[in-house]
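Notes to accompany the following structure.
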Amino acid sequence: MTPRDNDNRLIDSFGRVHNNLRISVTDRCNIRCVYCMPESVTFLPREHLLTFEEIERFVRVAATLGVDKIRLTGGEPLVRRDLPKLIALLAAVPGIKDVGLTTNGILLAPMAQALWDAGLRRINVSLDTMDPQRFLELTRRTGFEQVIEGILAAKAAGFDPVKVNAVAIKGTTEDDVVPLAAFAREHGLELRFIEYMPLDAGDRWERGKVLFASEILDILTRGIGPLVPAPNQDPRAPAADYDFVDGRGRVGLIASVSRPFCMSCNRVRLTADGKLRNCLFALDETDVRPLLRGDSGDAEIARALRESVAAKWEGHEINTARFIKPERLMHSIGG
Ligand code: SAM
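Numbering-wise, the sequence shown is residues -4 to 330 according to the working numbering.
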């Protein structure tokens, strides 16, 4: 197949065009964030994981349908051996303009240059606190210093901006908002706060535990100074960006709960074991691993992807009584 023509695009029944594919490369992780993953978990058998060749083939097919943006995630993507090789493979797929990565940063410092050299250009590092003790409580692991080193190494390797993602949990992370913003301003990082979503292990989530974007904005205004909406924002981007009026730094607010952005969603997800998910909160999946492993042709893979996108629902229903939490937890979906 050759890169897409426009008739071929992935369009759902609400007219949303999908060009953004998130690929989870593993369900394993080297930390255990309380809002994401249980302490003890049975991981996928290795033979269930898509190989690099299978992922590349899927991306080649997706590119013919208009996918031009890829983000690798997990689990923790940097625990997947030889990840730079996969990045190089995907960056070379005709039609793919952009390969990004979301990581917890623990293994990043020694890998940052290799990731850049492989063709990675966008990196998001997850960090919820500047307090090593709170890091330990939230992640149930050590590693705060490695994450900081990883962020600085990514910057030194050329990633610009390095984005830092922080989950915002009421009653837990309020005191982290200003120190994170101060760190981001000092090092020229783009900080983004993500409202806590109901994808956690152990059913800890409640609406009352979501630290809302508006509250974060208030904390930042009081603790650092006023912010204004950033100019020229991409209306399809999940984050609403704000600039500090003093010109030192930008903060993004991902208000998945208080201001869902489902109607501009352009994403589809592939799990590490080859299941297509048309929404983070989807209850149904399409298994494409048998297609990638068997003797199916690219046309069948394309049909599966097209049908998955076509069946996408209007939006997650977190704010309604109809909401049903998906069985898969965040670490095995790929956030
Ligand atoms: N291990 C990588 C990392 O830490 O960035 C990639 C996977 S992680 C699941 C992707 C993102 O999802 C992280 O920024 C993480 O903080 C976020 N996340 C996990 N559980 C969440 C939840 N319940 N609500 C909001 N964000 C969550």
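C-beta atoms are modelled at their ideal positions from N, C-alpha and C, and glycine is treated no differently. Keep in mind it's a predicted model, so treat the numbers as computed, not measured.
Just to confirm, does residue i get its C-beta within under 7 Å of one of the non-hydrogen atoms of the ligand SAM?
| i | result |
| --- | --- |
| T97 | yes |
| S253 | no |
| D195 | yes |
| S327 | no |
| I82 | no |
| G106 | The sequence given here places Met at residue 106; Gly does not occur at that position. No; taking the cut-off as 7 Å, the Cβ of M106 has no heavy atom of the ligand SAM nearer than that. |
| N160 | yes |
| E34 | no |
| M192 | yes |
| G10 | no |
| I143 | no |
| E201 | no |
| T46 | no |
| G247 | no |
| I214 | no |
| E280 | no |
| E71 | yes |
| G166 | no |
| C24 | yes |
| C274 | no |
| D189 | A quick correction: the sequence has Ile, not Asp, at residue 189. At least one heavy atom of the ligand SAM is nearer than 7 Å to the Cβ of I189, so yes. |
Alpha carbons only, please: which of the options is nearest the one belonging to residue i?
| i | options | result |
| --- | --- | --- |
| P193 | C31, G183, L60 and E49 | C31 |
| P285 | F276, D279, D268 and L278 | D268 |
| E51 | L39, V94 and C28 | V94 |
| K307 | A297, C260 and G329 | C260 |
| I313 | E302, P233 and E201 | E201 |
| R27 | L81, L133 and T21 | L133 |
| L206 | Y191, T216 and R199 | Y191 |
| A109 | G90, L300 and G153 | G153 |
| V162 | A316, L175 and D155 | L175 |
| E409 | K165, P321 and A87 | Here the chain covers residues -4 to 330 and nothing more, so residue 409 does not appear. |
| V263 | V54, L85 and P156 | V54 |
| L44 | A232, S251 and G69 | G69 |
| I189 | D155, R254, K320 and S303 | R254 |
| V283 | R76, F276, E302 and A277 | E302 |
| P331 | F38, I146, G292 and G197 | With the chain covering -4 to 330 only, the question about residue 331 has no answer from this structure. |
| A294 | T59, S8 and L73 | T59 |
| R66 | T37, S209 and S19 | S19 |
| R75 | T21, I91 and K92 | T21 |
| I91 | A208, L16 and L215 | L16 |
Which two residues bound the contiguous beta strand (DSSP E) that contains residue i?
| i | result |
| --- | --- |
| L265 | R262 to L265 |
| T98 | D93 to T98 |
| P224 | L222 to P224 |
| E190 | E185 to E190 |
| R245 | R245 to I249 |
Could you tell me the alpha carbon to alpha carbon distance between residue i and residue j, rounded to whole angstroms?
| i | j | result |
| --- | --- | --- |
| D327 | E42 | According to the sequence shown, residue 327 is Ser rather than Asp. Going from the Cα of S327 to the Cα of E42 covers about 16 Å. |
| V56 | D213 | 45 Å |
| H13 | A179 | 31 Å |
| R(-1) | L287 | Bear in mind that a pLDDT of 47 at R(-1), under 50, signals an unreliable position, so the model cannot answer this. |
| T333 | R4 | With the chain covering only -4 through 330, there is no way to say anything about residue 333. |
| L324 | G242 | 39 Å |
| A235 | P33 | 30 Å |
| P230 | F256 | 9 Å |
| G10 | E280 | 21 Å |
| M258 | N273 | 13 Å |
| V240 | R23 | 41 Å |
| L122 | P40 | 29 Å |
| T(-3) | I6 | The predicted position of T(-3) is uncertain, since its pLDDT is 49 and thus under 50; no value can be drawn from it. |
| K165 | G289 | 47 Å |
| L131 | I296 | 42 Å |
| N99 | V172 | 18 Å |
| L265 | Q228 | 27 Å |
| P127 | E140 | 8 Å |
| E169 | L278 | 32 Å |
| R317 | D195 | 18 Å |
| T167 | G61 | 41 Å |
| M125 | G183 | 16 Å |
| L275 | T37 | 21 Å |
| I319 | E71 | 26 Å |
Verify the contact flag: residue i, CB atom, against every heavy atom of the ligand COA, threshold strictly below 7 Å.
| i | result |
| --- | --- |
| G138 | Annotation note on the ligand COA: not contained in the displayed structure, which lists the ligand SAM as its ligands. |
What residue does the alpha helix (DSSP H) around residue i start on, and which one ends it?
| i | result |
| --- | --- |
| F53 | F47 to T59 |
| E302 | D293 to A305 |
| D213 | A208 to G218 |
| T134 | P127 to T134 |
| F239 | Not the alpha helix (DSSP H): F239 falls in the beta strand (DSSP E), residues A235 to F239. |
| K150 | F139 to A152 |
| A86 | L78 to A86 |
| I328 | M325 to I328 |
Check: With contact counted as at least three CB pairs below 8 Å, one residue from each stretch, are the segment 242 to 259 and the segment 209 to 226 in contact?
Finding: yes
Next item on the list: Count the C-beta pairs between the segment 99 to 117 and the segment 76 to 83 that are closer than 8 Å, then say yes if the count reaches three, no if not.
Entry: yes
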